[in-house]
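Numbering (full-length UniProt numbering), first residue to last: 1 to 173.
The beta carbon of each residue, even a glycine, is placed where N, CA and C say it ideally should be.
None of the values given here were measured: they were computed from a predicted structure.
Following: one structure in structure tokens, then a few remarks.
Structure, rendered in structure tokens:
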């Protein structure tokens with residue numbers, strides 16, 4: 001129950017009453033926290049490549065990387081807000097992000113432009129594979145169709161971003 005006493009004083013807020021059990025909310029929040037962490041790792045990889053890109057493809061790839069990391073920043077915020085809609089706190093430190101992420105950082109790795117694109121495609125595709133499982137789990141295991149739908153949209157956006165990147169390194173045969 002909410003009790004409002006005054007500014008700076010402790011208040012209590014009820015857990016959301018949205019038709020999901022506390023166990024289901026925690027299960028979904030765990031999934032969303034891992035998704036959030038993976039998005040952060042891919043975001044930082046993309047920023048790193050945006051900053052350190054060199055060569056003949058600099059112009060178009062620099063621009064594409066920026067468009068994609070800006071889109072990822074929006075996705076990160078949306079995922080965090082989805083977690084808060086369910087009630088749990090959002091992991092917000094780099095330590096938590098790295099502990100939760102299923103895709104690895106690549107410190108010190110600065111490949112050529114084609115290698116950067118290939119690494120970004122691989123990051124998107126890893127997230128897509130996890131999201132396919134997460135869509136199913138949030139719906140079937142945790143009965144949260146809203147989050148399942150949210151993750152489906154996120155997966156589709158990653159599929160498009162992977163395709164846009166893949167087109168830069170794809171060879172016609």
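query, result
"How many Å lie between residue 99 and residue 161 at the Cα?", "25 Å"
"Cα separation between residue 15 and residue 167?", "46 Å"
"For residue 45, I'd like the list of residues in its chain whose CB is within less than 8 Å of its CB, leaving aside the five on either flank, ordered along the chain.", "105, 106, 119, 120 and 123"
"Using a Cβ distance threshold of 8 Å, determine whether the region 86-99 contacts the region 129-141, with at least three qualifying pairs required.", "no"
"Hey, which unbroken runs of the alpha helix (DSSP H) at 4 residues or more fall wholly within the UniProt domain \"Ferritin/DPS\" (31-171)?", "58-86, 94-100, 113-136 and 145-169"
"For residue 54, tell me which candidate among 111, 158 and 86 has the shortest Cα-Cα distance.", "111"
"Taking just the CA atoms, how far does residue 19 sit from residue 71?", "31 Å"
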